[in-house]
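Student: Can you read through this structure? Questions will come right after.
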Amino acid sequence: MSTKSVPFSTKCYSVHEHSTIAAAASSTTSPSLPLDIILETIISVSLLCTGIVLSGWELRPIRWRIWAGQLERENGSGPYEFLESKLSFIDIRAKRTEFSNWVRDHEARKTT
Amino acid sequence: MASALLSYFSQRSPSSSHTTPATILSLAQHAPSFLSSPAAARDTPETWLLYENLLLVCLRSQDDSSARLCLQRLSDRFGAANERVMALAGLFDEATAGSRADLEAILKRYEEILAEDPTNTPIHKRLISLLTHLNYPHRAISNLTTLVSNNPTDAESWAELSSLYFQQGLYPQSIFCLEEIILMYPNAYNIFARLGEVTYVHANNSKDNKDPTQTLTDSLKYYLRSIELCDDYLRGYYGTLVVTGKLLQVGKLAAVQDDDKSMTKGKVEKLQQLATRKLAEIVRRAKRKEKGWEGYAEAEVQAAAKLLEEIQGEQAPK
């Protein structure tokens, strides 16, 4: 990508040089930009865009079912988990009992 | 370690079904070091969200001193009169209450708060949760219907109401609540799977000897929608396999489709084969822990494997 930006920056410099020279010359006909500068600008912009696209961004899925499937496979829970976990209605005493039962079973399994 | 906690909580909520007691224990062990670190003093929304999630984790793991500290800091920052802080304080009291009498006193306190300010939604939700825990399902349901009529766009409340109706055996009402959630989140594949589950249970428990074919077909369609919305959805394929089996067993299926609502025997058989194939693939890849397939819950994969074995056993030539 940096190699693409070099011709682009040289192009900007050429345009700047030309406009400076044109202003200094103060001729009656206002010259349009020379063809080689225009072509160089177009080519360097397209090269820059190609470079940005190919610079290796990881593309993520945009179709819902593919993205949802990926989340389910990799994380086990998707973006709608909150609808079933219902955090505001959590039965905290039941969760504490579940935890202490697990600890007790875990300890029992360790000693056996 | 704050970043480790943050990254965990950004991926999943602390009360998801995948947050096992083992995970809770390992997260809770980070709590004391986090609370005494400088990262805990930063005043950003992420930090306060982390405090809230950490409070839940500490309460679940019975680390009440760390939980009290989290609550104290939240209260200092947002004030004890903040609705969310009041609900978290109520949660803490419920968790650390000694006896049923203490819980009844907390219940009374919630009712007094709501009498002063009926729009305090977090406290209303805690009230409903405590009523359910104390085994007052009718009061919980009537409070929850008031809540959803005041806040009809709160999907979480509809989800809770659906669970309460389901526990009472009121399946059509439970299905209605789930459909309300679908109106708000049309891509919620897990709610479609839940609809499939509730409809299937409804079909199996119909009191009169009504033909269950239409209800089973509805259940199948809900499951099919869930697998349309999420690739490789284990729960969806499991449900499809179970319902197609039941339909072929007891349903009155036509050979030719006569209207849009009915399923033909051929279609159901093909769907059963598809579900068997996909479920076998998921079980195989999850058991081998292939890259990108590690997220499935162990218990769900075991259940799917068991179902496949049973089906194979039934279909084996005698």
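Heads up: the sequence lines are chains A and B, in that order.
The first sequence begins at 507 in the working numbering and counts up by one.
The second sequence begins at 78 in the working numbering and counts up by one.
Just so you know, even glycine gets a beta-carbon here, dropped at the ideal spot from N, CA and C.
These figures come from a predicted structure and were not determined experimentally.
(1) Is the stretch 342 to 357 of chain B touching the stretch 597 to 617 of chain A, taking contact as three or more C-beta pairs under 8 Å?
(2) Grouping DSSP H, G and I as helix and E and B as strand, with all else coil, what is residue 341 of chain B?
(3) Find the nearest neighbour of residue 379 of chain B within the set B:364, B:256, B:371, B:389, judged by alpha-carbon distance.
(4) So the candidates are B:280, B:262, B:237, B:265; which of them puts its Cα closest to the Cα of residue 248 of chain B?
(5) Rounded to whole angstroms, what's the CA-CA distance from residue 240 of chain B to residue 574 of chain A? Just pull it up for me.
(6) Is it buried or exposed, residue 234 of chain B, if we count other Cβ atoms within 10 angstroms and call 16 or more buried?
(7) Output needed for residue 228 of chain B: all residues of its chain with C-beta closer than 6 Å, excluding positions within five of it in sequence on either side, in chain order.
(8) Roughly how far, in whole angstroms, is the beta-carbon of residue 296 of chain B from the beta-carbon of residue 320 of chain B, given that I think they are within contact range, below 8 Å?
(9) Can you give me the start and stop residues for the alpha helix (DSSP H) that residue 170 of chain B sits inside?
(10) With 9 Å as the C-beta to C-beta threshold (strictly closer), list the residues of the stretch 265 to 281 of chain B near chain A in chain order.
(11) According to DSSP, simplified to helix, strand and coil, what is residue 363 of chain B?
(12) Counting only Cβ pairs nearer than 9 Å, list the residues of chain B close to residue 610 of chain A.
(13) At a cut of 8 Å, does the stretch 283 to 300 of chain B reach the stretch 557 to 566 of chain A through at least three beta carbon pairs?
(14) Alpha helix (DSSP H) containing residue 254 of chain B: first to last residue?
(15) Are residue 105 of chain B and residue 138 of chain B close, meaning C-beta to C-beta below 7 Å?
(16) Would residue 245 of chain B count as contacting chain A if we go by Cβ distances under 7 Å?
(17) Identify, in the order they occur along the chain, each residue of the same chain with its Cβ nearer than 8 Å to the Cβ of residue 270 of chain B, setting aside the five sequence neighbours on each side.
(18) Could you check whether the Cβ of residue 625 of chain A sits closer than 7 Å to any Cβ belonging to chain B?
Tutor: For this structure:
(1) no
(2) In the second sequence, residue 341 of chain B corresponds to position 264, counting from 1. Reduced to three states, the DSSP call for residue 341 of chain B is strand.
(3) Counting from one through the second sequence, the residue named residue 379 of chain B turns up at place 302. Minimum Cα distance to residue 379 of chain B is reached at B:364.
(4) Translated into the one-based positions of the second sequence, residue 248 of chain B becomes position 171. That would be B:280, whose Cα lies nearest to the Cα of residue 248 of chain B.
(5) By one-based count along the second sequence, residue 240 of chain B stands at place 163. By one-based count along the first sequence, residue 574 of chain A stands at place 68. One C-alpha to the other measures close to 24 Å.
(6) Position 157 of the second sequence, counted from the start, is the residue given in the question as residue 234 of chain B. Residue 234 of chain B comes out buried.
(7) Against the second sequence, residue 228 of chain B aligns to sequence position 151. None.
(8) Counting from 1 along the second sequence, the entry for residue 296 of chain B is found at position 219. Counting from 1 along the second sequence, the entry for residue 320 of chain B is found at position 243. Correct: roughly 5 Å between the Cβ atoms.
(9) For the purposes of this step, residue 170 of chain B is taken as the residue at position 93 of the second sequence. Segment 160 to 173, the alpha helix (DSSP H) holding residue 170 of chain B.
(10) 265, 266, 267, 268, 271
(11) On the second sequence, position 286 is the one that residue 363 of chain B refers to. Residue state, collapsed to three classes: helix.
(12) Walking along the first sequence from the start, residue 610 of chain A turns up at place 104. None at all; the shortest Cβ gap to chain B is about 11 Å.
(13) no
(14) If you number the second sequence from 1, residue 254 of chain B lands on position 177. Taken as a continuous stretch (DSSP letters only), the alpha helix (DSSP H) holding residue 254 of chain B covers 248 to 261.
(15) On the second sequence, position 28 is the one that residue 105 of chain B refers to. On the second sequence, position 61 is the one that residue 138 of chain B refers to. Contact flag set, yes.
(16) Looking up residue 245 of chain B in the second sequence gives position 168. Answer no: the Cβ-Cβ gap between residue 245 of chain B and chain A never drops below 7 Å.
(17) Sequence index remark: in the second sequence, residue 270 of chain B carries index 193 (1-based). Excluding sequence neighbours, residue 270 of chain B sits near 299, 300, 303, 310, 312, 313, 316.
(18) As shown, chain A starts at 507 and ends at 618. That puts residue 625 of chain A outside it, with no answer to give.
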